[in-house]
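The block underneath contains the structure these notes are about, expressed in structure tokens.
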Amino acid sequence: MRTGLIVSLFNIGCAFGGLILTKPAEIYGRKLAVSIAALFYIVGAVISIASIDKWYQYMIGRIVSGLGVGSLAVLSPMLISEVSPKQLRGTLVSIYQLMVTAGIFLGYCTNYGTKTYNNSVQWRVPLGLNFAWALFMVAGMSFVPESPRFLVQIGKVQEAKRSLSRSNKVSTEDPGLLAELEQIETSIEAERA
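Counting from 2, one number per residue, gives the positions in the sequence shown under this note's numbering.
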């Protein structure tokens with residue numbers, strides 16, 4: 002029963018993370034919110050890995066990790082779709098989903114590879130690898146521009162133009178870029194009305 006509780010609490014954390022931890026994206030930006038969610042996941046992994054003989058410490062780590070994963074499941078496709086060039090959006094969001102599935106497969110492979118151990122290596126190694134991938138994600142966020150849609154929402158139109166220019170690899174005065182920026186502004190004004 003305890004094992005089932007520990008496994009299910011991760012999913013409960015995911016549900017709450019998807020509902021609650023996505024709100025900072027509207028206030029502080031998509032990029033910062035994704036980084037914060039990844040940090041939640043890292044903190045949860047550290048709590049879990051550091052548990053020695055207290056099952057409830059591992060459980061708390063699973064809940065905290067779940068909060069991060071749940072919010073990342075909402076925020077990552079949002080950021081990808083808002084930052085990527087128009088012609089690549091669908092492809093990139095599909096690749097995101099493919100990478101999630103590939104990650105699950107690699108997790109199963111890691112679990113299979115550590116199943117013969119009779120000590121904590123059996124579960125610490127998979128958690129440690131997850132921790133490493135989360136660190137890569139946080140580091141990679143430094144190369145991602147902020148969402149132009151968010152920047153327009155908070156009134157930073159020039160920064161939105163630079164963000165679109167960076168993602169599309171065109172000048173800030175490109176006619177296609179200006180048309181997309183105008184479309185974003187119109188969409189946000191319609192939402193506010």
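Note that beta-carbon positions come from the ideal geometry of N, C-alpha and C, so glycine has one too.
As the structure is a computational prediction, the values presented were derived from the model and not from experiment.
{"query": "Tell me where the alpha helix (DSSP H) around residue 138 begins and ends.", "result": "122-141"}
{"query": "Quick one: is residue 156 buried, meaning 16 or more other Cβ sit within 10 Å of its Cβ, or exposed?", "result": "exposed"}
{"query": "Rounded to the nearest angstrom, how far is the Cβ of residue 11 from that of residue 52, given a contact under 8 Å?", "result": "In fact, because the Cβ distance is near 14 Å, the residues do not count as touching under 8 Å."}
{"query": "Are three or more beta carbon pairs between the segment 39-46 and the segment 162-179 nearer than 8 Å?", "result": "no"}
{"query": "So is residue 176 buried or exposed if we call it buried at 16+ other beta carbons inside 10 Å?", "result": "exposed"}
{"query": "Where does residue 2 fall in DSSP's three states?", "result": "coil"}
{"query": "What are the start and end residues of the alpha helix (DSSP H) that includes residue 83?", "result": "56-84"}
{"query": "Can you tell me where the alpha helix (DSSP H) with residue 185 in it begins and where it stops?", "result": "176-193"}
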